[in-house]
Each structure stands twice: as C-alpha cells, then as structure tokens.
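A.B. asks: Sequence lines, in order, name chains A and B. The opening residue of the first sequence carries number 1 in my numbering; numbering runs sequentially from there. The opening residue of the second sequence carries number 1 in my numbering; numbering runs sequentially from there.
There are 2 protein chains.
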Amino acid sequence: MTRTVYVNGQYLPETEATVSIFDRGFLFADGVYEVTSVLGGKLLDFDGHAIRLQRSLDELEMKNPISKDDLLEVHRELVRVNNIDEGLVYLQITRGAADRDFAYPADDVAPTIVLFTQAKPGLADSAKAKEGMKVISIEDQRWGRRDIKTVQLLYPSMGKMAAKAAGADDAWMIEDGHVTEGTSNNAYIVKGNTIITRQLSNDILHGITRAAVLRFAKEAQMNVEERAFTLQEAQNADEAFITSASTFVMPVVEIDGVAVGRGVPGAVAARLREIYLDESLKTAI
Amino acid sequence: MTRTVYVNGQYLPETEATVSIFDRGFLFADGVYEVTSVLGGKLLDFDGHAIRLQRSLDELEMKNPISKDDLLEVHRELVRVNNIDEGLVYLQITRGAADRDFAYPADDVAPTIVLFTQAKPGLADSAKAKEGMKVISIEDQRWGRRDIKTVQLLYPSMGKMAAKAAGADDAWMIEDGHVTEGTSNNAYIVKGNTIITRQLSNDILHGITRAAVLRFAKEAQMNVEERAFTLQEAQNADEAFITSASTFVMPVVEIDGVAVGRGVPGAVAARLREIYLDESLKTAI
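1. Within the region 211-242 of chain B, note down every full beta strand (DSSP E) run reaching 3 residues or more, in order along the chain.
2. Pick from S246(A), A212(A), T197(A), K218(A): whose alpha carbon is nearest that of E226(A)?
3. For N186(B), collect the residues of the same chain with a Cβ closer than 8 Å to its Cβ; drop the 5 residues on either side in sequence, then sort them by chain order.
4. Short check: CB of T183(B) to CB of K149(B), under 8 Å?
5. Can you tell me whether V109(A) is helix, strand or coil according to DSSP?
6. Shortest alpha-carbon distance to Q235(A) belongs to which of I195(A), V252(A), K42(A)?
7. Under DSSP, the alpha helix (DSSP H) around K282(A) begins and ends at which residues?
8. Name, going along the chain, the residues of the region 13-30 of chain B whose beta-carbon falls closer than 9 Å to a beta-carbon of chain A.
9. Select from the region 96-110 of chain B all residues with a C-beta closer than 8 Å to any C-beta belonging to chain A, and list them in chain order.
10. Quick check: is the beta carbon of R142(B) nearer than 8 Å to any beta carbon in chain A?
11. Under the rule that 16 or more other beta-carbon atoms within 10 Å means buried, what is V79(B), buried or exposed?
12. Which two residues bound the contiguous beta strand (DSSP E) that contains M133(A)?
13. Let me know the secondary structure DSSP gives Y104(B) once reduced to three states.
14. In angstroms, rounded to a whole number, what distance separates the CA positions of M158(B) and D170(B)?
15. Would you kindly work out how many angstroms separate the C-alpha atoms of Y33(A) and L214(B), rounded to a whole number?
16. May I ask you to verify whether the region 77-95 of chain B touches the region 271-280 of chain A, counting CB pairs closer than 8 Å and requiring at least 3?
17. Who are the neighbours of K191(A) on chain B, taking C-beta pairs under 9 Å?
18. Is the shortest distance between the beta-carbon of L153(B) and the beta-carbons of chain A less than 8 Å?
19. Is V252(A) near the ligand PLP, in the sense that its beta carbon is under 7 Å from a heavy atom of that ligand?
20. Using the Cα positions of S280(B) and R76(B), report the straight-line distance between them to the nearest angstrom.
21. Round the Cβ separation of V179(B) and D238(B) to the nearest angstrom and send it over; I've been treating them as touching at under 8 Å.
22. Is the shortest distance between the beta-carbon of V288(B) and the beta-carbons of chain A less than 8 Å?
23. For a contact defined as C-beta to C-beta under 8 Å, what are the partners of Q118(B) on chain A?
24. Grouping DSSP H, G and I as helix and E and B as strand, with all else coil, what is I148(A)?
25. P65(B) by DSSP, collapsed to three states: which one?
26. Along chain B, which residues have their Cβ under 9 Å away from the Cβ of P156(A)?
27. Please confirm if the region 247-263 of chain A is in contact with the region 138-152 of chain A, defined as three or more CB-CB distances below 8 Å between the two stretches.
28. Interface residues of chain B around R76(A) at Cβ under 9 Å?
29. Does the beta-carbon distance from T112(A) to T94(A) come in below 8 Å?
30. Does the region 14-21 of chain B come into contact with the region 14-30 of chain A, if we say contact requires no fewer than three beta-carbon pairs (one atom in each stretch) closer than 8 Å?
31. Quick one: list the residues of chain B neighbouring M161(A), beta-carbon separation under 9 Å, in chain order.
32. Taking 8 Å as the cut-off, decide whether the C-beta atoms of F46(B) and L72(B) are in contact.
33. Determine the extent of the beta strand (DSSP E) in which A187(B) is found, giving its start and end residues.
34. Within 10 angstroms of its Cβ, does N82(B) collect 16 or more other Cβ (buried), or is it exposed?
35. What three-state label does DSSP hand K42(B) in the structure shown?
36. Nearest to I2(A) by alpha carbon, out of M173(A), A119(A), A240(A), V224(A)?
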C-alpha cells in the first residue's frame, strides 16, 4: 500500500514525495524532528511534542513554517487517510533548500516540512514488553547538544547496528563512565523503591515520554532520583527499562550479557507501562 | 542560469533534482561527501578525494554506487556542461531511501549519489588570501568520528554563523584546551621555521589539501611538527593559516581579536599557497 505523506503543504503519494538535493536537511543535517505515537487512531501527547519541536527550532534559530493548530490538523489527516490505528507520525523540519554554504541561507528561504506515518500494529500490546530487551554498551560519541532533536542520527544508527550484530536490541551509550541514554530512548534503573534516571542537561534528549513517566511515577508515590548512573550500577540494579514515544516503557533484562535482577521484566517497569498507556490514552487527541 | 546536476545516473536541471523524503541522508545524516576544486576547468587531486571517499564509505559499511572511472567522468561532464573554470564539484553518497528505521536497510537498497558544481570565480587569485582571515574560537562539540567525512555538519554550520556574528570569517574549534580544526578546514601555526598542525586521528578530518601541503612543505625543506597546539600558542605564533580543498592555503591574521604575528598574511602561508597551486595545477586532470 502506498502511504500518503505531507511535504510543504501538499499531500502526496510517498513515491512522489521528494525534497531538493539542495535541502539543508540533506546536505548539512540542518533539521529537527519529532515522532508522535498513535493509539486507537489518536495522538499521544501531541502538545508535548509541539512544545519540544518549537524548542529545537528556537535553539537552532530556525523558522517554524506551521502553526500548532495546522500541525495537529496535518497529523490527524495523515492518520485518517492512512488508516493508522497503532503507529506513529514522523515530522521533520529543515532550514530549507539553498545553494550549499555552511552559513545559513537568507531569511526568505522557506523551511522544509515533511510528515509521514508508520503503521505499527501491536504497539501497545507489545511482545517485546513481555519478554524484555537486551542492550549492549557503547561509547557515547555523539555531538554535545543532544537536547536538540536534530537529524544527526548516524551514531545512534551505528549503535543500533552494533547491538544487532551482538544479538541485542539496542545500545546504551556511556560517557565519562556513566550511561547517557539509549540510541533513541531514555534509560532508567530501579534500585529498591527508587527509580533512577539521568538528570536533564545538554547530554541527553529531554524525552516527552520521560517527563510523563516521571510525573506518573511521583503521582503513584514512587521515589524518583534524577542523577547519572554507571553501567555497573545498572547491571546490579533490580530492574532496568527505557522510555520513548514509540516504545512507551520497555523493560531491559540484560546489559552486556549480564542479567538485570532475575533477567525478566520487572514489576516497576510493567506498572509504569500500564499507567503510562492508561493516562496517555485519556488525553490522546 | 540553471545548473545541470547529477542524481543517481541522470543529468538533470537543478530545479528538478530531488531525493526521496525517505533518503537516509535526509532522515539520519547517513551520508558522506567530498568537495573537489576546479581550476582552469581541471580537477585538483581527484585521486585523493576518490580514495578518501572510499575510506569514509568503508568506515560506515556503505556501498559505493560508482566506479572511480565513472565518477571522474561525471565530474568532468558537470564541469564541462556548467562551464566551470574556477569552482568546485560537490559529491554526496548516502545509504539510500528506505522506510525510516535506525537499523540500516536491506542490502538491495541502492545508495543515493548526487553531484553538483559551484562556480567560484577568483578562487585562485583570492582577495581573502591577500587580506587574511579572522577566526574566533568555539568549543568543539562535534561527534567523535571527524575523520569520516559525513554530512553531520550542523555544528560547523553553527560555528560559521557564530563567526559571522562576531565579525570574523571562521571558527577554530577547541577540545581539551587544544585546537582541533576550523569549521571546514585544517588549522596550522608557524613558529620560527616550524609548521605545526594537529596529528591525524579521529579528532580531525584527514584533509587532502593538508596531506599535499605537508608534502610540499617537506620537499621545500620546511620543518613540520604534527602535534596539537593551544589557542594561546596560536595567538603567540608568527603565522597561522588553514588549508582546505576550496580555500587551498589561506592565512589567518587574527584569533579571538588578537593579531597573529604582525596581523598580516605571513610569508610561509603565502609561499605554501603558491607551491600548492603550482604543484596541484601540474597534476590537475
């Protein structure tokens, strides 16, 4: 089936959806993105993603080519025409197309905006959530502004391939002896009754799902400690898990070949996944 | 005038030259590039660029969609049809278009190849080479594999804008107290009779012009020391300069507002520029 996608104001068949070879997203990775999950045909935490999108654009002094209302309308229209029940909507904005120059182009160059959907049946009732993920550790070699959600994703992509080659599902990245995050998700451990995850800084993505899960955890009277943790601490933890917009809360049962806890998904991760799905669905639009 | 560009085997008007929105160069910065200078309608050090291109592709386990002979032919044809006397040829190869996934796509996905020219009249007889460049220093926040010439160029682009905002021409990047390189060039200082430039590693681009200039310097009996230097050392040097495929050898006369030497282009940089241009033209094809 050919998807309908959105490019610069037009709804197009995916096979006809293109950008100029001079697009700065293509030549300079000069672009930002968001991924919003869809459950039951509705968007999860659209507001959170719209706010973070604006922050990424602001940090890069990039223009926003679309109002929040119009952006919501495009998301909904793509979900509708592509019959997405469970899946996601990908959104990318770049600084637009201009003759190649490291300096940003003139102000009259229009940003490029692209959206497309991906159907992901079984997203909520995930087999992997029952089984748990295996992760490996790799050095964090990314640039210094991981708080800006740019398309400079080659290293996370290489990390995902390294994980696959090692028979694992993902990689956790290590900097100065501490875990920063997964290739496309935030990382957590549970020790006793405390959920531990790295504090916000330029070192990690400010996950929308992270913010929601920590809020729900506090509301459920769980202890939350925001600090960096080591790989050894993670391997010796009672539980480990990740969060992201497209995996929600996903248990991690093995790190570099070492079983975490009893090597099966833990109760805290399971409970947080349940709360997150319940609460997010209530506010889905 | 509309340029003719090359995209995946076709010569096209630049206005019709596009790639899929699913191209991994656009979505993941999963691509590499080369820039080859043109003087008198001939390509400078084509072999050097072709060899480095293959190294970048190998480091990323990316397929090369074109033979070296065919690549040369495309370069020459673009120079011819676009009447490039002085300028450059830009080449980019990406892992191709596939539905978005951090993991690399299946083996049958064809890489994307794009080439275009830029006319740069006055490239050899440059006014800036007589005047000298001003640079500022910024922290080096790039990823860890700067030896691979990827399109993850957002930070260098931000650096160029920071330089412009400060009334300078470019930025030198500092890591652990030492200069790595410029935003799109290698950095050098001259102290006494010695040319000092950072040793090759994953921290800097392995410049094609750098290799040629160091070879010519040694042939001309100049001392070359390959080691890291600090910003203070640079500000106190007799001369400073940069090299790149598109600027050749370009003097730096001011660093963070401090004049280097007497604040005018130095004799060593001028001589190396002359030798580089003379020697490169001899082997241009």
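Glycine is no exception: its CB is placed at the ideal position from the N, C-alpha and C atoms. Bear in mind that the values here come from a model prediction, so they are computed numbers and not experimental data.
C.D. replies: On the basis of the data shown:
1. DSSP runs (the beta strand (DSSP E)) wholly in the region 211-242 of chain B: 223-226.
2. For the purposes of this step, residue 226(A) is taken as the residue at position 226 of the first sequence. Checking every option, the nearest Cα to that of E226(A) belongs to T197(A).
3. In the second sequence, the residue the question calls residue 186(B) occupies position 186. Excluding residues up to 5 positions away in sequence, T197, R198, I204, L205, G207, T209, R210, I242, T243, S244 lie with their Cβ nearer than 8 Å to the Cβ of N186(B) in the same chain.
4. Here residue 183(B) is taken as the residue at index 183 of the second sequence, counted from 1. Here residue 149(B) is taken as the residue at index 149 of the second sequence, counted from 1. Taking C-beta atoms as the reference points, T183(B) and K149(B) fail to come closer than 8 Å.
5. As a working note, residue 109(A) is residue 109 in the first sequence. The answer is coil: DSSP assigns V109(A) none of H, G, I, E or B.
6. Working through the first sequence from its first residue, we reach residue 235(A) at position 235. Nearest of I195(A), V252(A), K42(A) to Q235(A), Cα basis: V252(A).
7. One-based indexing of the first sequence puts residue 282(A) at position 282. Annotation for K282(A): the continuous alpha helix (DSSP H) segment containing it runs 267-283.
8. Listed by position, the residues of the region 13-30 of chain B near chain A (Cβ gap below 9 Å) are E14, T15, A17, T18, V19, S20, I21, F22, D23, R24, G25, F26, L27, F28, A29, D30.
9. Taking 8 Å as the upper bound on Cβ-Cβ separation, chain A lies near residues D99, R100, F102, A103, Y104 of the region 96-110 of chain B.
10. The residue given as residue 142(B) occupies position 142 in the second sequence. Taking Cβ atoms only, chain A reaches closer than 8 Å to R142(B), which makes this a yes.
11. Here residue 79(B) refers to the residue found at position 79 of the second sequence. Classification for V79(B): buried.
12. Position 133 of the first sequence, counting from 1, holds the residue named residue 133(A). It spans 133-139 - the beta strand (DSSP E) in which M133(A) sits, taken as one unbroken run.
13. Locating residue 104(B) in the second sequence gives position 104, counting from the first residue. In this structure, DSSP gives Y104(B) a state outside helix and strand, which the three-state scheme calls coil.
14. In the second sequence, residue 158(B) corresponds to position 158, counting from 1. In the second sequence, residue 170(B) corresponds to position 170, counting from 1. Approximately 10 Å, taken between the alpha carbons.
15. Taking the first sequence and counting its residues from 1, the one referred to as residue 33(A) is at position 33. Taking the second sequence and counting its residues from 1, the one referred to as residue 214(B) is at position 214. Note on geometry: alpha-carbon atoms of Y33(A) and L214(B) lie some 42 Å from one another.
16. The region 271-280 of chain A and the region 77-95 of chain B do not touch, with fewer than three beta-carbon pairs separated by less than 8 Å.
17. To locate residue 191(A), count along the first sequence from 1; it is residue 191. Simply none; closest approach about 29 Å.
18. Stepping through the second sequence from its first residue, residue 153(B) is reached at position 153. Contact with chain A is found for L153(B), since one of that chain's Cβ atoms lies less than 8 Å from the residue's Cβ.
19. The ligand PLP is absent from the structure shown, which contains no ligand whatsoever.
20. Your numbering for residue 280(B) matches position 280 in the second sequence. Your numbering for residue 76(B) matches position 76 in the second sequence. Spanning the two alpha carbons is a distance of roughly 17 Å.
21. In the second sequence, residue 179(B) corresponds to position 179, counting from 1. In the second sequence, residue 238(B) corresponds to position 238, counting from 1. By a beta-carbon distance limit of 8 Å, V179(B) does not contact D238(B). Their separation comes to about 16 Å.
22. Residue 288(B) is absent from the model: chain B starts at 1 and stops at 285.
23. As a position in the second sequence, residue 118(B) is number 118, starting the count at 1. The answer, in chain order, is D99, R100.
24. One-based indexing of the first sequence puts residue 148(A) at position 148. It is coil, neither helix nor strand.
25. Locating residue 65(B) in the second sequence gives position 65, where the first residue counts as 1. Correct three-state label for P65(B): coil.
26. The count along the first sequence starts at 1 and reaches residue 156(A) at position 156. Residues of chain B with a Cβ closer than 9 Å to the Cβ of P156(A) are, in chain order, F28, F102.
27. Result no; under three Cβ-Cβ pairs closer than 8 Å.
28. As a position in the first sequence, residue 76(A) is number 76, starting the count at 1. Against chain B, the beta carbon of R76(A) has no neighbour under 9 Å; the closest one sits roughly 20 Å away.
29. Against the first sequence, residue 112(A) aligns to sequence position 112. Against the first sequence, residue 94(A) aligns to sequence position 94. A distance below 8 Å separates the beta carbons of T112(A) and T94(A).
30. Proximity of the region 14-21 of chain B to the region 14-30 of chain A meets the contact definition, three or more beta-carbon pairs being nearer than 8 Å.
31. By one-based count along the first sequence, residue 161(A) stands at place 161. Using a Cβ-Cβ cut-off of 9 Å, M161(A) is close to E61, F102, A103, Y104 of chain B, given in chain order.
32. Looking up residue 46(B) in the second sequence gives position 46. Looking up residue 72(B) in the second sequence gives position 72. With respect to the 8 Å criterion, F46(B) and L72(B) are classified as neighbours on the basis of their beta carbons.
33. If you number the second sequence from 1, residue 187(B) lands on position 187. It spans 186-191 - the beta strand (DSSP E) in which A187(B) sits, taken as one unbroken run.
34. Counting from one through the second sequence, the residue named residue 82(B) turns up at place 82. Only buried fits N82(B), as 16 or more other CB atoms lie within 10 angstroms of its CB.
35. Indexing the second sequence from 1 puts residue 42(B) at position 42. Residue state for K42(B) is assigned as strand, using DSSP reduced to three classes.
36. Within the first sequence, numbered from 1, the residue matching residue 2(A) stands at position 2. Here the sequence assigns Thr to residue 2(A), which means Ile is not the residue at that position. Nearest C-alpha to T2(A): A119(A).
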